[in-house]
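Taken in order, these protein sequences are the chains called A and B.
Just so we're aligned: 383 in the numbering used here is position 383 of the first sequence, and the numbers increase by one with no gaps anywhere.
Just so we're aligned: 283 in the numbering used here is position 283 of the second sequence, and the numbers increase by one with no gaps anywhere.
Have a look at the structure below, then the notes.
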Amino acid sequence: MTAPLLSMRGIVKSFPGVQALRGVDLDLHAGEVLALLGENGAGKSTLMKVLGGAHLPDAGSLLLDGRTTAFRSPQEARAAGIAVIHQEFNLVPGLTATENIFLGQEASRAGFVPRADERRKAAELFRRLGAELDLDAPCSRLTTAQQQLVEIARALARDARVIVMDEPTAALTSREVDRLFEIVRDLRSRGIAVVWISHRLDEIFALADRVVVLRDGRNVGARPIAGLGRTELIELMVGRELADEYPRRTAAPGLPRLVVKGLSRGRAVRDVSFTVRAGEILALAGLVGAGRTETLRLLFGADCRDSGEIVLDGRRLDIRSPRDAIAAGMGLLTEDRKLQGLVLGQSIRENFSLPNLAALSRLGMVDGRREREAFGRHVDRLRMKVPDQEQRARNLSGGNQQKVVLAKWLERDCEVLFFDEPTRGIDVGARHEIYLLMNDLAARGKAIVMVSSELPEVLGMADRILVMHDGRITGEIDNGPHVTQEQVMRLAMA
Amino acid sequence: MNPGLRRLLSDYGMLVVLVLIGLVFSVLTLEEQPATDAAAARRLVAAISRQVPAGGRVLVAVRPTPEDGRLADALVTELSAAGLDVADVVRGEPQAVRASLDRLAKAGSKVDAVAATERTASWLVLSEMGELFPTLGQPPIVVPDTVVWPNFLKADNLLNIANQIAVIAIMAIGMTMVIITGGIDLSVGSLAALSAVTATRLIRDQCGGVEASTAGMVFSCAAAIVVCGLLGGLSGAVITLCRLPPFIVTLAMMLVTSGLAYIASAGQSIYQIPESFVWLGRGTGLFGLPHAVVLMLALYAAAHVLMSRTTLGRYLYAVGGNPEAARLSGVPVRRVLLFAYVACGLLAGLGGVIMASQLKSGSPTYGAMYELYVIAAVVVGGTALSGGEGKIVGTLIGAFIIAVIQNGMNLANIESYTQKVVLGLVILAAVLVDRLRHR
């Protein structure tokens, strides 16, 4: 094995109240794709922030090309050739791709920027990436996949030798994911080291050369992918045996509860009709932009429908706002929990109570003790790792944030629950807990509609699968062991 | 440090700033004060007793001020307790003292001692008493000992501060709620003017002017406050239904309202109102506190309970923190925003009524630039303009910081133009300190 390009030795980092890294060792070789795995809270982002110069470690050292270095700022890390591409990109939406690529490193003469020169260099970078996009459009108009390419081009423009990609495929369609894989393989062949942080095990097995697993701030195993089994990997991450990744249940859906007829809204949702039975998990599958999230939002009253009828337990509902939907017994776990599911500046207790205040208060005054007790029950039941209820929602890991959102709706004992990408950005351990919870809700007779872009999840959890494309339902599949991902994909691209 | 204590410090840290500023002004205004309390009187009488045998006659000479009057009362009590006779108690100017001494001389009595204050002791009639009234003897003139105490911390001054800031502080309650929802209301100053004009005009034209009854005055004030509430509601409605930025809407409302105030008053000050109207603005009552101050404290207590313990309070914070997430959690966002703007309007109206009561007249020029002081009080108190956080009590502290600085500068004889510069800089510093604390 050649000498590592980058070595991190004994990295220790603490924050008030939490020790994120307890002495992590990591080796990175040129021309390899290293997958970094770990539950939320295991220390992955903190480690990458140390690597990227955003945090100074409390102890430990960093070796680049065998020489000890330290990055006291992100600029120093970038100058040394380390590029970090975050899950939420660091692009300025109003600037064009070219401007974003050269932001901070414009080779300006007397204050004037050489625009033509930059444009040429940007075009060359994209050509090498095999991508085509409008160099003059503001980045806000580019698709997520295109924005990601701009980020990669930016890294290459700085002659990056290490590129860290955090959850790169979270918002990509599968075609775009394939394209990204090709690009990463190309980067690898050019000698660049890629650190791939993702929870999607299929991708890791398809793309990575080696995998490093972090647990509780320590490196618990570095293995080559070849010959590594899926179960072994999951066990390393979680530290215990996971019997089933997708928990089994004896599905016996009962009578129809939610009947939707002719739901429409412009071009986004066109004449969608379906039924959900008691105790059933119905999955809405399809590509990004197929209209799945839009359908859920129409049902929940978050958007106004042009036409359509919603019947719950035989009663016709007139839903014109989320308040109406909630009063009727529905709950929506949004796709983006930070933007739409939580008030990040408030405590998790306050977030939990928000739709439940009527039940937790008397004559308009909130009963603090009842509130704390109610939330405490959910903290225990959902196994939330939180030191106290007053924590600000923004300080929690993704998995714990999602649990807070879940607790909100569980307290209301909703009859119909809409899950929009329930396990996006969440580690394997927490995912499993959410799956168990969904099964439990179904067992109690609730009707569940789940939107998911992860086909393994769809096949693992759903009783029935509705596939959408371009606003319409293109197919319905009764889930069973014979159903394949290809079947679903075909309908999704119809 | 346990998290609860840390949170408390974080939320109300500006209190520390207030205390520090108070300390600075206390040091700057230290002065020798004549002690005028009962203990001082006792000591003075004790000093006299050492020089004068029991049964001796003592003249008490003070100025006709309330403070001196209290001293005189205390002296009389102590003198009788010490077995000394009170020859006379003079509360007046030097002429009154001269008249008293004349009477005593004509009556042939003697004066064994004079109990006076620093000021009265320096009057010629007393300092030259030996030459002017030789028959009265050569009584020693005894004055109370002095104590070094900041003028700033005298009870009268502190109450004065509270009374002066009451209007701005009350208006700032509504502004705090609006800012917490992520909005702003620039019309509060003009609303106060309209309220003052409306209330006084109703009293003058509809309720009998100077002969107006209490019921008439109450009705007029209530009507003025309601009008302001409705205008606040109009702002809120336009903001929520037409989705226009609060800055623009309330800016327009500020101009409209100011114009209405001028129209309603024909540009003049309305003063034909009963004397008793000043009860709210100038009267004192409970524990010697001015009525306006009592009202201010009561409103702050109520607002604190609303924001920290009620459903509505939670909704206000949620709407300010993330309106979309709040909506998707079933919060009636539009109604909550409307409430904030109506409340702000009502409280601005109340502020105008208090101003009219303080100045015993209503004029469209009242409240000019008040929105800036009100917003400053909110921001200095720790509420972020971006919304979603902030404490009501913090605003009270912020209002006091502003009032204390103005008062302190007056006492320290800082020139008024310089005061403006200092006030602006201090507001900047206070917000900077707050930002650093939150890092």
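Using N, Cα and C, we set each Cβ at its ideal position, and we do this for glycine too.
The model shown is predicted, which means the values in this text are computed figures rather than measured ones.
Does the Cβ-Cβ distance between residue i and residue j come in under 8 Å?
{"i": "residue 300(A)", "j": "residue 283(A)", "result": "no"}
{"i": "residue 407(B)", "j": "residue 21(B)", "result": "no"}
{"i": "residue 380(B)", "j": "residue 402(B)", "result": "yes"}
{"i": "residue 265(B)", "j": "residue 201(B)", "result": "yes"}
{"i": "residue 166(A)", "j": "residue 86(A)", "result": "yes"}
{"i": "residue 222(B)", "j": "residue 351(B)", "result": "no"}
{"i": "residue 327(A)", "j": "residue 217(A)", "result": "no"}
{"i": "residue 254(A)", "j": "residue 445(A)", "result": "yes"}
{"i": "residue 29(B)", "j": "residue 152(B)", "result": "yes"}
{"i": "residue 72(B)", "j": "residue 62(B)", "result": "yes"}
{"i": "residue 105(B)", "j": "residue 136(B)", "result": "yes"}
{"i": "residue 172(B)", "j": "residue 377(B)", "result": "yes"}
{"i": "residue 436(A)", "j": "residue 211(A)", "result": "no"}
{"i": "residue 333(B)", "j": "residue 232(B)", "result": "no"}
{"i": "residue 159(B)", "j": "residue 289(B)", "result": "yes"}
{"i": "residue 440(B)", "j": "residue 190(B)", "result": "Residue 440(B) is absent from the model: chain B starts at 1 and stops at 439."}
{"i": "residue 340(A)", "j": "residue 328(B)", "result": "yes"}
{"i": "residue 153(A)", "j": "residue 101(A)", "result": "yes"}
Please classify residue i as buried or exposed, where buried requires at least 16 neighbouring CB atoms within 10 angstroms.
{"i": "residue 226(A)", "result": "exposed"}
{"i": "residue 482(A)", "result": "exposed"}
{"i": "residue 304(A)", "result": "exposed"}
{"i": "residue 373(B)", "result": "buried"}
{"i": "residue 126(B)", "result": "buried"}
{"i": "residue 330(B)", "result": "buried"}
{"i": "residue 355(A)", "result": "buried"}
{"i": "residue 207(B)", "result": "buried"}
{"i": "residue 346(A)", "result": "buried"}
{"i": "residue 44(A)", "result": "buried"}
{"i": "residue 387(A)", "result": "exposed"}
{"i": "residue 443(B)", "result": "Only positions 1 to 439 of chain B appear in the structure, and residue 443(B) is not among them; the question remains open."}
{"i": "residue 417(B)", "result": "exposed"}
{"i": "residue 140(A)", "result": "exposed"}
{"i": "residue 112(A)", "result": "exposed"}
{"i": "residue 518(B)", "result": "The structure shown does not extend to residue 518(B), since chain B is modelled only from 1 through 439, so no value can be given for it."}
Can you name, in chain order, every residue of its own chain whose Cβ lies under 7 Å from the Cβ of residue i, other than the five neighbours on each side?
{"i": "residue 251(B)", "result": "186"}
{"i": "residue 131(A)", "result": "149"}
{"i": "residue 313(A)", "result": "257"}
{"i": "residue 58(A)", "result": "12, 13 and 14"}
For residue i, which residues of its own chain have a beta-carbon under 8 Å away from its beta-carbon, when the five flanking residues on both sides are left out?
{"i": "residue 360(A)", "result": "353, 366, 367, 370, 371 and 374"}
{"i": "residue 489(A)", "result": "174 and 455"}
Here's a check: name, in chain order, each residue in its chain whose Cβ is nearer than 6 Å to the Cβ of residue i, leaving out the five neighbours to either side.
{"i": "residue 332(A)", "result": "300 and 418"}
{"i": "residue 392(B)", "result": "176, 303, 304 and 307"}
{"i": "residue 183(A)", "result": "129"}
{"i": "residue 183(B)", "result": "246"}
{"i": "residue 302(A)", "result": "322"}
List the whole-angstrom C-beta distance separating residue i from residue j, where the pair is believed to meet the contact cut-off of C-beta under 8 Å.
{"i": "residue 356(B)", "j": "residue 362(B)", "result": "5 Å"}
{"i": "residue 264(A)", "j": "residue 291(A)", "result": "Wrong, their Cβ atoms sit about 10 Å apart, outside the cutoff."}
{"i": "residue 173(A)", "j": "residue 287(A)", "result": "5 Å"}
{"i": "residue 60(B)", "j": "residue 19(B)", "result": "Incorrect: roughly 40 Å between the Cβ atoms, too far for contact."}
{"i": "residue 50(A)", "j": "residue 11(A)", "result": "6 Å"}
{"i": "residue 74(B)", "j": "residue 38(B)", "result": "5 Å"}
{"i": "residue 21(A)", "j": "residue 2(A)", "result": "No, residue 21(A) and residue 2(A) are not in contact; Cβ-Cβ is about 26 Å, not under 8 Å."}
By the criterion of Cβ-Cβ separation under 8 Å, what are the contact partners of residue i in chain B?
{"i": "residue 404(A)", "result": "None at all; the shortest Cβ gap to chain B is about 12 Å."}
At a CB-CB cut-off below 9 Å, which residues of chain A make contact with residue i?
{"i": "residue 195(B)", "result": "The contacting residues do not exist; residue 195(B) stays about 28 Å from chain A at best."}
{"i": "residue 317(B)", "result": "343, 345, 346 and 350"}
{"i": "residue 312(B)", "result": "364"}
{"i": "residue 389(B)", "result": "345 and 346"}
I want to verify the contact list: residues of chain B whose CB lies under 7 Å from the CB of residue i, in sequence order.
{"i": "residue 355(A)", "result": "329 and 330"}
{"i": "residue 323(A)", "result": "330 and 332"}
{"i": "residue 302(A)", "result": "328"}
{"i": "residue 326(A)", "result": "330"}
What residues of chain B sit near residue i, judged by a beta carbon separation below 9 Å?
{"i": "residue 339(A)", "result": "322, 324 and 325"}
{"i": "residue 448(A)", "result": "The contacting residues do not exist; residue 448(A) stays about 18 Å from chain B at best."}
Kindly list, in the order they appear in chain A, the residues whose Cβ is closer than 7 Å to that of residue i.
{"i": "residue 243(B)", "result": "The contacting residues do not exist; residue 243(B) stays about 15 Å from chain A at best."}
Along chain A, which residues have their Cβ under 8 Å away from the Cβ of residue i?
{"i": "residue 309(B)", "result": "365, 366 and 368"}
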